[in-house]
Amino acid sequence: MKNNSANLEFSKINKETLTKKLYEFLQHKDIAFAIGILCIIGVLIFPVSTGLLDFLLSTSIAFSVLILMTVLFIDKPLDLSSFPSILLVVTMLRLSLNISTTRLILSNGHKGTDAAGHVVEAFGYFVMQGSVVIGAMVFAILTIINFVVITKGSGRIAEVAARFSLDAMPGKQMAIDADVAAGVINQEQAQQKRKNLENESTFFGSMDGANKFVRGDAIAGLLITFINLIAGIIIGTLQQDMSFNKALKTYTILTIGDGLVTQIPAVIVSISAGLLVTKSGVHGSADKAIFQQLGRYPQSLAISSGLCFFMGMMPGLPLVPFFIAGSIMAGASFWLNKVQKQNTANLFDTPTAVSSVSRTEDSVSREASSQQTSALHMDMIKLEIGYELLPLVEQSNTLKITDQIKGLRKQLAKEMGFIVPSVRVQDNMQIDGNMYILKIKEIEVGRSHVRRDKLLIMEPTGAPIKIPGEDTKEPAFGLAARWINPSYREDALFKGYTVIEPSTVIITHMTELLKENVTELLTYAEVQKLLDNLPDGHKKLVNEIITTQISVVVLQRILQSLLSEGISIRDLPGILEAISELSSTTTNVQKLTEHVRVRLAKQICNANTNENSYIPILVLSADWEQIIAEHIVGEGDNKQIVLPPSKLHEFVAAVNKEYEKYASIGENPVILTSALVRPFVRKIIERVKPSAVIMSQNEIHSKAKIKTLAQI
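The opening residue of the sequence shown carries number 89 in this note's numbering; numbering runs sequentially from there.
Here's what the structure looks like:
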C-alpha cells in the first residue's frame with residue numbers, strides 16, 4: 089500500500105516536473121522553432137516509422153487548416169506579414185513528408201496497403217472507391233485545380249501587387265508628407281504610416297517569391313506521384329514477385345493516398361495565399377468585407393432570386409434546389425432592404441431640419457442647451473455639411489473629420505502661435521447633400537462640394553488626367569482635378585497623380601480659409617489668454633507694457649497685422665520686447681508693427697528662404713517708390729495710399745508681370761521695398777495677390793542670402 093502511494097506521488101512529481109520543463113521550453117520560442125526546422129530536415133534524411141508518419145501527416149493537414157482560418161479572420165494582409173516564411177516552412181514539411189512516404193512505399197509496398205501508414209491507406213481507399221481509374225481521375229483533377237487555377241492566379245495577383253506597391257511608394261510617401269503639412273496627422277503617425285508602407289512593399293515582394301514555392305510544390309507533388317506509381321509497380325513485379333494486377337492495385341492505393349494527403353494541404357495553403365493577396369485594399373475580415381459589400385445592393389439579390397425561380401420552372405431542371413436558393417436570396421434581399429430603409433429613416437427622423445447631428449472635435453456627442461441660450465450663442469468657427477457627408481463624421485478610422493480638425497488646430501497653433509477656437513461640425517439639411525460651408529462668426533467664408541464615395545486626384549505637372557471621372561476644381565487653390573472611383577486608386581498612384589481623400593479635401597480648404605481669416609479669430613479674449621499663459625519670467629515685461637504703455641487692444645491690432653501677412657506670433661516675448669523699445673515714444677500701430685517686423689527679421693527671412701537657401705527678390709524700382717511715397721496722405725494711423733486709377737492699374741500690371749514670370753518657373757519671389765512704402769504696397773498687392781510677401785530692406789537679416797531676380 090505504501091509502495092503504491094509512493095509510486096503515485098512519484099508519478100505526480102514527474103508530471104509536474106515534465107509540465108514545468110515543457111513550459112520553460114516553450115518560453116524559448118526561437119529555440120523551439122529552430123528545433124522544428126531541424127526535425128523537418130531530419131525527416132528528409134532519416135527513415136520514419138509509420139506511426140510517426142501518420143502523426144506528421146495529420147499535423148500537416150491541421151496546420152494548413154489553421155493557416156486558412158487565420159487568413160479568413162485577419163483585417164489586412166500585414167496582420168500576417170510572416171506568411172511568406174510560413175509558406176516556405178509548410179512547403180518544406182510537405183516535401184519532407186513526400187520523401188518519407190515515398191521511401192516507405194517503395195521499400196515496404198509489397199507488404200500491403202498500410203505500408204506508408206494508416207492515413208495514406210485511408211485516403212487511398214476513400215477516394216478510389218474500389219476503382220483505380222476513379223482514384224487517378226480525382227487526384228488529377230485536384231492537382232490541376234491547385235496548379236492551373238489557384239496557384240497560377242494567386243501568383244499573378246502577388247506579382248502585380250508587388251509591382252504596383254513598389255511603383256506607388258513615391259506617391260504614397262508624398263501623400264503622407266502632405267497630410268503632415270496639412271496637420272491631418274502628426275509626426276508619430278507619419279512615421280508609423282511610412283513603416284507600414286515599407287512593410288507592405290516588402291510583404292508583397294516576398295509574396296511574389298513565396299508563390300513560386302507553392303507552384304513548385306505542386307509540380308514536385310505531381311512528379312513524385314508518377315515516380316511512386318511506376319517505380320512501385322517495377323519493384324513489386326520484378327523484385328517482390330507480385331502479380332501485375334496486385335502490384336498495380338497496391339501501389340495505386342498507396343500512391344493516390346500519398347498524393348491526396350499532401351495535395352489537400354497544398355490546395356488549402358494555396359487558397360490561403362490567394363485570399364491573402366486579394367485582401368489588398370479591403371479592410372476587415374474576409375467574411376465581413378464580402379457579406380457587407382454583396383449586401384449593399386439588395387436589388388441584385390432580388391434579381392438573382394427571380395432568375396433562380398425562372399430556371400427552376402424550366403423543363404427538365406429540378407424545381408426544389410432552385411426554389412430553395414431563390415427563396416434564400418429573396419429573403420435576404422427583403423431583410424437588407426428593410427434594414428437600409430430603417431437606417432435612412434433614423435438619419436432624417438429629427439425635430440428640426442438643422443442640427444440633427446452636431447459635433448466638435450473635443451466632444452463628438454453633446455446635448456444642446458436650451459433654445460433661448462443657444463439662440464444667443466455664436467460659434468467662432470462652424471463647418472456645416474450636407475446629409476451625404478455625415479459618414480465623414482461617423483466613420484471610425486484615421487480619416488474621421490473631427491480627428492483631422494484636431495490635427496489642423498494643432499498644426500495652425502504651431503504655425504501661427506495661438507490656438508484656433510474649437511470647430512463646431514453641424515449638418516444642414518437645407519444645403520446640397522455633397523456641399524459643405526465654413527462660417528466664421530456665423531458669416532460664410534467659403535463653400536464647396538465633395539464626393540464622399542470618391543477620391544480626388546490631381547496631376548502635379550498640370551498635364552491632362554487620363555483616368556475616367558468627374559472633372560472639378562480643387563477648392564483650396566482652384567487647381568484642375570477629377571473625382572474618380574476608389575477602384576482606380578492604385579492606377580492613379582502608379583501614374584504619379586496626387587490622390588486625396590474627401591475629408592482631406594475639406595480640411596485642406598479649411599486650412600486656407602482659416603489662414604485667410606486669421607485676424608477674425610484673434611479676439612481680445614484670445615490675446616488675453618496668450619498673455620496669461622506666458623511663463624512667470626515674462627510677467628514683469630507684460631505688466632510694464634500693458635496698460636502703462638499700450639492697451640491690450642493695441643497689442644491685438646499689432647498681432648493681427650502680423651498674422652495677416654503670415655508671420656507667426658509664437659515669439660510673443662520677443663514681440664513685447666520690440667514694442668517696449670518704441671512704445672515710450674509712439675503708440676502708432678503701424679510704426680510699432682513695422683518695428684516689430686524688423687525685430688523678427690530672422691524669423692521672416694527663414695520663413696521665405698527657398699530650398700536653395702536663398703530668398704528670391706523682386707526689387708521695387710526707385711520710380712515706383714517715389715510715386716507711391718508722393719501719394720501717401722493722412723497722419724498717424726490714418727495714413728493711406730491714394731493712387732490715381734491709371735497709375736494703380738499700371739503698378740498692379742507691372743507687379744503681376746514680373747511675379748507670374750518667376751512663379752511659373754517654380755520661384756516664390758518676395759517683393760522688396762523701402763520701410764516707408766512697404767505697408768502701402770502691401771495694401772495694394774493684397775487685393776490681387778493675397779499670398780504675395782512684401783518685405784522692407786530693414787527686414788533682411790544680415791545673415792540671410794538673397795538673389796535679385798528682377799526690378800519692378
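A virtual CB, placed ideally from N, CA and C, is assigned to each residue, including glycine.
How many Å lie between residue i and residue j at the Cα?
i, j, result
"residue 722", "residue 696", "32 Å"
"residue 768", "residue 654", "17 Å"
"residue 356", "residue 231", "12 Å"
"residue 332", "residue 234", "31 Å"
"residue 276", "residue 210", "57 Å"
"residue 652", "residue 618", "18 Å"
"residue 344", "residue 164", "37 Å"
"residue 532", "residue 588", "25 Å"
"residue 282", "residue 274", "12 Å"
"residue 751", "residue 305", "60 Å"
"residue 122", "residue 753", "60 Å"
"residue 660", "residue 171", "55 Å"
"residue 330", "residue 206", "22 Å"
"residue 566", "residue 763", "33 Å"
"residue 391", "residue 420", "12 Å"
"residue 451", "residue 675", "With a pLDDT of only 49 at residue 451, under 50, the local geometry of the prediction cannot be trusted, and the value read off the model is given with reservation. Each residue's alpha carbon lies about 42 Å from the other."
"residue 476", "residue 521", "5 Å"
"residue 530", "residue 642", "25 Å"
"residue 517", "residue 415", "39 Å"
"residue 513", "residue 557", "29 Å"
"residue 325", "residue 334", "9 Å"
"residue 765", "residue 633", "28 Å"
"residue 338", "residue 358", "30 Å"
"residue 576", "residue 323", "60 Å"
"residue 625", "residue 663", "15 Å"
Apart from the five residues just before and just after residue i, which ones in its own chain have a Cβ nearer than 6 Å to its Cβ?
i, result
"residue 795", "702, 704"
"residue 649", "681"
"residue 781", "696, 758"
"residue 519", "474"
"residue 590", "538, 540"
"residue 637", "671"
"residue 179", "301, 305"
Just mark residue i as buried or exposed, buried being the case when its beta carbon has 16 or more other beta carbons within 10 Å.
i, result
"residue 173", "exposed"
"residue 673", "exposed"
"residue 504", "buried"
"residue 459", "For residue 459, the pLDDT reaches just 49, beneath the cut-off of 50, and the residue's location in the model is therefore unreliable, although a value from the coordinates is still provided. The residue in question, residue 459, is exposed, as its Cβ has fewer than 16 Cβ neighbours within 10 Å."
"residue 214", "exposed"
"residue 786", "exposed"
"residue 299", "buried"
"residue 402", "exposed"
"residue 222", "exposed"
"residue 761", "buried"
"residue 353", "buried"
"residue 598", "buried"
"residue 138", "buried"
"residue 494", "buried"
"residue 440", "Annotation note: pLDDT 40 at residue 440 (below 50); position unreliable, no value reported."
"residue 147", "exposed"
Taking 7 Å as the limit between beta carbons, can you name the residues of its chain near residue i, skipping five residues before and five after?
i, result
"residue 666", "683, 684, 687"
"residue 647", "610, 615, 657"
"residue 203", "192, 193, 196, 197, 342"
"residue 644", "610, 612, 615"
"residue 436", "Since pLDDT at residue 436 reaches only 45, below the 50 mark, its modelled position is unreliable, and the value read off the structure follows with that caveat. Contacts found: none."
CB-CB under 8 Å to residue i, same chain, minus the five flanking residues each way: which ones, in chain order?
i, result
"residue 190", "312, 315, 316, 346"
"residue 622", "630, 660, 661"
"residue 605", "528, 533"
Just to check, is the beta-carbon of residue i closer than 7 Å to a non-hydrogen atom of the ligand ZN?
i, result
"residue 479", "Summarising the ligand content, the structure contains no ligands, and the ligand ZN is consequently not present."
Specify whether the segment 739 to 750 and the segment 769 to 779 touch according to this definition: at least 3 beta carbon pairs, one from each stretch, less than 8 Å apart. yes
Return the chain-ordered ranges of every alpha helix (DSSP H) run that is complete within the segment 476 to 560 and spans a minimum of 4 residues. 479 to 482, 489 to 504
In chain order, which continuous runs of the alpha helix (DSSP H) of length 4 or greater are located wholly inside the segment 608 to 671? 612 to 620, 627 to 633, 640 to 652, 660 to 670
Fully enclosed by the segment 680 to 723, which alpha helix (DSSP H) runs are 4 residues long or longer? 689 to 695, 710 to 718
Minimum length 3: unbroken beta strand (DSSP E) runs contained in the segment 726 to 778: 758 to 761
Three or more C-beta pairs closer than 8 Å, one from the segment 496 to 516 and one from the segment 534 to 544: is that the case here? no
Are three or more beta carbon pairs between the segment 568 to 582 and the segment 505 to 522 nearer than 8 Å? no
Taking 8 Å as the threshold, find out whether the segment 127 to 146 comes into contact with the segment 175 to 189 through three or more Cβ pairs. yes
Contiguous beta strand (DSSP E) assignments of at least 3 residues, all confined to the segment 297 to 358: none
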